[in-house]
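Okay, so here's the structure we're looking at.
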Amino acid sequence: MSTPAKWEAVIGLEVHVQLLTQTKMFCGCTNHYGDAPTSHVCPVCLGLPGSLPVPNEEAIRLTLLTGLMLGCNLAPVARFDRKNYFYPDMPKNYQISQYDDPLCAGGLVPLDPFLFPKEIQDTAEAKAGRSIRLTRIHLEEDVAKSFHFEDRSGIDFNRAGTPLMEIVSEADLRTPGEAFSFLGSLRQVLLAGHVSHADMEKGQMRCDVNVSIRPIGQKEFGTKVELKNLNSTSGVRRALTYEIARQIAACEKGEAIAHETRRWDDQAGATFTMRTKEKAHDYRYFPDPDLLPVRTDQGLLEAARTRLPELPTVLQSRLIQAFGVTAYQASVLGADRVLCAYFEKAAAQAKSKATVANWILNDFLSTQPDPATTPILPEFFGELADLVADGTINSAQAKKVFAELMANPASPREIVKRLGLAQISDVSALGTYCDEAIAANPRSVEDYRAGKTNAINALKGFVMKKSQGKANPLQVDEILKAKLSA
Amino acid sequence: MSAPQINISDVASLARLTLTPDETAKFSAQLSQILGHMETLSQIATGAVPEVTPPAQPALRQDIPTPSLSIEAALSNAPAQANDLILVPRILE
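Sequence lines, in order, name chains E and A.
Under the working numbering, the first residue of the first sequence carries the number 443, and numbering increases by one thereafter.
Under the working numbering, the first residue of the second sequence carries the number 54, and numbering increases by one thereafter.
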């Protein structure tokens with residue numbers, strides 16, 4: 443469903459990211475999921491009177507590292523504030539967050555064209571190469587997890603107080619596809635820095651969406667609607683596609699868009715009103731008197747800088763330049779650093795590095811390997827590609843070597859010997875086969891000489907059969923053509 | 054200078070407090086007086102005074118786990134519990 447030409451959507455995202463720390467944001471309780479309820483709690487994260495928070499320096503470093511990777515301005519001094527509201531999943535009745543002085547401001551997320559949905563990667567929308575501006579990145583604490591029973595709710599405080607990084611984009615996104623790519627591209631950066639596993643389906647990355655529509659050419663924004671309960675990148679895309687169409691249909695009927703929060707129901711494929719925002723929330727932010735301002739300029743920022751990884755865009759250009767892979771292959775390799783390291787090892791010594799990429803990304807990947815533990819050495823793929831490049835085996839034989847490599851891992855050279863596969867490139871031996879083919883297929887010879895060039899395939903087939911598939915097909919082609927035109 | 058007015062019923066609802074009319078009148082007067090003091094403070098010219106930068110890094114914590122409470126201890130004050138969860142009135146969104 444595409445947006446009718448008259449209208450454009452204006453989309454902004456708020457992305458919450460769980461950080462890869464050992465402990466919570468303001469206490470030493472373990473930051474780990476899936477353990478027994480209420481097993482990682484203490485007076486601080488239960489909000490008991492008299493307890494005092496102490497910031498986790500690693501969470502601050504990871505947030506600064508994210509800011510560095512996304513080109514943000516990093517604050518030399520950052521502050522924590524209290525966001526006040528009542529909810530059973532937040533024991534203190536305020537959440538420690540950042541308001542006026544977040545750790546990072548500004549920044550950009552470049553949209554990777556290959557992280558758009560597959561079916562629109564070839565469109566101008568994906569190829570536009572847009573970058574989406576960020577407003578800010580701040581650090582806060584997560585709330586507890588709630589379970590809803592028939593007449594009560596149950597709270598597990600293990601998640602309460604774990605570090606949560608919030609990344610807020612400007613309202614720069616225009617399509618559901620861009621929002622999809624934004625989340626994928628952002629995730630690649632977070633993975634590169636080992637900041638988070640950032641898996642939306644596991645709740646490690648959560649996303650709220652603000653969306654409005656306006657007639658193309660209009661500067662003012664329309665009334666924005668907030669969407670919640672988005673649990674996957676494709677869910678974000680589907681919800682936006684639905685919601686934009688809903689708003690356009692309403693506007694074209696002359697109805698006003700209500701300023702409200704709507705819940706995405708993935709099963710129903712529709713959004714439903716959760717609450718109407720009659721008045722803005724009044725969170726009464728104020729500086730947390732329990733926490734002094736944090737000086738990032740005294741070691742924290744330097745520590746973050748030493749961890750700067752090779753960014754996805756930089757890695758992709760290097761792969762294209764150094765290994766001759768396609769932009770698409772560079773994106774696939776860049777998305778999996780373990781696979782990428784495997785490929786780089788495989789291609790390092792190989793003559794045709796692009797062929798190595800084809801083997802690994804097409805054939806090897808389809809066997810769903812774990813590149814970290816596979817017994818198949820990366821060097822084997824370099825060797826396999828070289829065997830084809832130097833004419834030892836042809837591509838049909840290479841497929842057999844690959845199958846054997848998966849079944850009984852060994853050096854491809856060994857396998858070629860073991861299976862007796864070496865290609866026949868000896869000109870006189872091939873010439874004999876070709877003579878036999880010509881003698882045995884007078885009809886095809888006649889056809890070929892009469893101009894039906896396809897007739898040569900029958901002769902080639904004869905040679906391949908006679909040689910048990912070992913003849914070098916390129917040489918056979920040359921020899922046959924020479925003999926037939928003689 | 055007149056004391057600023059405060060919408061006491063709004064503040065009370067944010068704090069989940071139910072006030073009687075008498076209390077509303079009493080607290081309105083008291084809070085307006087407090088805000089009046091703030092007005093006085095804000096008349097002091099501070100534009101030329103540089104903001105105080107914290108002189109040193111406050112105490113931060115290394116990312117090393119420390120022992121948590123036992124589940125029993127953590128739940129000991131909960132008014133209601135089941136399956137090691139703290140039970141609360143059903144949350145409705």
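Where is the CB? At the ideal position from N, CA and C, for every residue including glycine.
Just so it is clear, the structure is predicted and the values come from calculations on it, not from any experiment.
Endpoints, beta strand (DSSP E) assigned at residue i
i	result
P657(E)	647–657
N526(E)	523–526
H723(E)	First-last for H723(E): undefined, no H or E at that position.
R705(E)	702–707
M607(E)	605–611
Per-residue burial, residue i [other beta carbons within 10 Å of its own, 16 or more giving buried]
i	result
A451(E)	buried
V869(E)	exposed
G476(E)	exposed
E685(E)	buried
E500(E)	buried
T874(E)	exposed
L916(E)	exposed
P820(E)	buried
Y529(E)	exposed
M443(E)	Because the pLDDT of M443(E) is 48, which lies under 50, any placement of that residue in the model is unreliable, and the number read from its coordinates should be weighed accordingly. Exposed, because fewer than 16 other Cβ atoms sit within 10 Å of the Cβ of M443(E).
Q689(E)	buried
G659(E)	exposed
Y527(E)	exposed
H482(E)	buried
Local conformation of residue i per DSSP, three classes
i	result
I574(E)	strand
T119(A)	coil
I61(A)	helix
M443(E)	Any reading at M443(E) must be qualified, since the residue scores a pLDDT of 48, below 50, and its modelled position is unreliable; the value itself is stated next. Correct three-state label for M443(E): coil.
N671(E)	coil
D584(E)	coil
I762(E)	helix
Y541(E)	coil
M54(A)	Any answer about M54(A) is weak, because its pLDDT of 45 lies below 50 and its placement is not dependable; what the coordinates show is given next. The answer is coil: DSSP assigns M54(A) none of H, G, I, E or B.
S595(E)	strand
Contact under 8 Å by Cβ, residue i with residue j
i	j	result
S638(E)	Q630(E)	no
R578(E)	A602(E)	no
L455(E)	F624(E)	yes
K466(E)	N498(E)	yes
L628(E)	V551(E)	yes
Y770(E)	F558(E)	no
L922(E)	K908(E)	no
F765(E)	K793(E)	no
E583(E)	I538(E)	yes
Y890(E)	A897(E)	yes
L781(E)	L761(E)	no
I597(E)	D641(E)	no
I562(E)	L615(E)	no
L94(A)	T480(E)	no
T703(E)	E668(E)	yes
Pick from the options that is closest to residue i, judged by C-alpha positions
i	options	result
A879(E)	V918(E), V843(E), N804(E)	V918(E)
F663(E)	A640(E), I699(E), L633(E), N671(E)	I699(E)
A109(A)	I609(E), V457(E), D650(E), R737(E)	R737(E)
L504(E)	P605(E), K448(E), P915(E)	P605(E)
P811(E)	A849(E), L861(E), T675(E)	A849(E)
I609(E)	Q460(E), F806(E), A845(E), S867(E)	Q460(E)
E125(A)	D116(A), L145(A), A135(A)	A135(A)
N130(A)	H580(E), L490(E), P518(E)	L490(E)
F822(E)	P518(E), S837(E), G833(E), F806(E)	F806(E)
Span of the alpha helix (DSSP H), counted from its first residue to its last, around residue i
i	result
Q689(E)	675–694
A849(E)	837–849
H90(A)	74–95
L113(A)	Premise fails: L113(A) is in no alpha helix (DSSP H) and is neither H nor E.
P884(E)	884–891
R629(E)	618–634
Chain D residues whose Cβ lies nearer than 8 Å to that of residue i
i	result
D116(A)	Considering every chain present, this structure includes no chain D. Its protein chains are E and A.
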